[in-house]
Amino acid sequence: MKKFLVILFIIFLTCLTGCVYSQNRPIGSNMHQDKEVTPGQKTEEPPGDDNGNRKVIAESDAKKSLKELLEPIYIDIESPDKAMRTIVNESGLMLVSNKYEVLKVIINKEQQVGQGFVVKWSPGSNKIFITQYGEFASAFSIYDITNGILTPIKNAKGLAKAEFSQDWPYDWYYMTSPIEWLDNARVLFNVFHLKPLDSNGPLPNERGYRADIYVYSLEDNSFINLTNRKDGEYCILREIDRERQVLIIDIFVLGSKDVELEKTGEAEIPY
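So my numbering is basically just the index in the sequence shown, starting at one, shifted up by 2.
Now the structure itself:
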């Protein structure tokens, strides 16, 4: 009899302990949803807002890389030192790391003045030449990564003024474009002239009156004509011979139907 009473007493204590435990658990908790945590293991909870509400992170977004989060990417150009990249996406022109971490929005969509971008890194990977090209004219600027300043090319010396519009300040046709960096402080340009040397001469064709190769200096904001062609002649850069310090150029002239190659020449690089 005593043994039976002891067993009943043990059962009573067990039931009482279970009731107390269940009353101390939070309302709505489920014993079967508890996760086991090993000693030293950190528990993580999803981020919450100011009211303590937990935000649900989409699994598809959580698995995306930094590059995928920036897509669609229309232009993606790596710097010579491979440390950075310039990309163009729906937000505009950006400077990002080689892991696609956004370092700077250089030109956003609201600031864009053209229909698209052409970007060229300097050899030292510290400057970016930016062309915003339009249907009839292009805007040129240089972004300095060291100080974060974007400088448009304006009020430059060495090119005749053309008072067509504020966005078209110089004597260059819409096909005018930078060719490449000559060094870290100078950029080669192909300039198609809109003004004739002979004021009575007719416009030869859609390429302008003539085309010359210029070098633009960042140090003194100036253009220097390296080829000085006549109306109806068009110079196109073929290659840079850095060992001989000359430019190898093709010279075209007007033919019966269109421009034709006349000869290949050279132009000295000023140093």
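Ideal placement from N, C-alpha and C gives every residue a C-beta, glycine not left out.
> Does DSSP put residue 112 in a helix, a strand or coil?
Replying inline: DSSP places residue 112 in coil when its eight states are reduced to three.
>> For residue 262, list the residues DSSP reports as bridge partners.
In response: For residue 262, which the question treats as bridged, DSSP gives the partners 255.
> Just to confirm, are residue 108 and residue 95 a CB contact at a threshold of 8 Å?
Replying inline: The answer is yes: Cβ separation under 8 Å.
> Among the residues of its own chain, which have a CB less than 6 Å from the CB of residue 112, if the five just before and after it don't count?
Replying inline: Excluding positions up to five away in sequence, the list is empty.
> What are the start and end residues of the beta strand (DSSP E) that includes residue 84?
Replying inline: Counting along the chain, residue 84 sits inside no beta strand (DSSP E), nor does DSSP assign it H or E at all.
>> Let me check understanding here. Comparing Cα to Cα, which of 98, 141, 126 lies closest to residue 118?
In response: Checked all of 98, 141, 126; the closest Cα to residue 118 is 141.
> Which stretch, first to last residue, makes up the alpha helix (DSSP H) that contains residue 70?
Replying inline: From DSSP, the alpha helix (DSSP H) with residue 70 extends over 68–72.
> Using CA coordinates, which residue listed in 201, 67, 116, 133 is at the minimum distance from residue 338?
Replying inline: A question about residue 338 goes unanswered here, because the residues of the chain that appear run from 3 up to 273.
>> Counting C-beta neighbours from all protein chains within 10 Å, is the total for residue 93 16 or more, i.e. buried, or is it exposed?
In response: Classification of residue 93: exposed, given that the 10 Å Cβ count is below 16.
>> Counting C-beta neighbours from all protein chains within 10 Å, is the total for residue 221 16 or more, i.e. buried, or is it exposed?
In response: Classification of residue 221: exposed, given that the 10 Å Cβ count is below 16.
>> Between which two residues does the beta strand (DSSP E) holding residue 99 run?
In response: Note, residue 99: beta strand (DSSP E), 94–99.
> Sorted by chain position, which residues of the same chain lie with C-beta nearer than 8 Å to residue 100's C-beta, five sequence neighbours on each side aside?
Replying inline: Excluding sequence neighbours, residue 100 sits near 80, 84, 85, 86, 87.
> Going by C-alpha distance, which of 195, 97, 102, 104 is nearest residue 123?
Replying inline: Checked all of 195, 97, 102, 104; the closest Cα to residue 123 is 97.
> Run through DSSP, which three-state label would residue 105 get?
Replying inline: Residue 105: strand per DSSP, three-state reduction.
>> Strictly by DSSP, which residues pair up with residue 153?
In response: Residue pairing of residue 153 in beta bridges, as defined by DSSP: 144.
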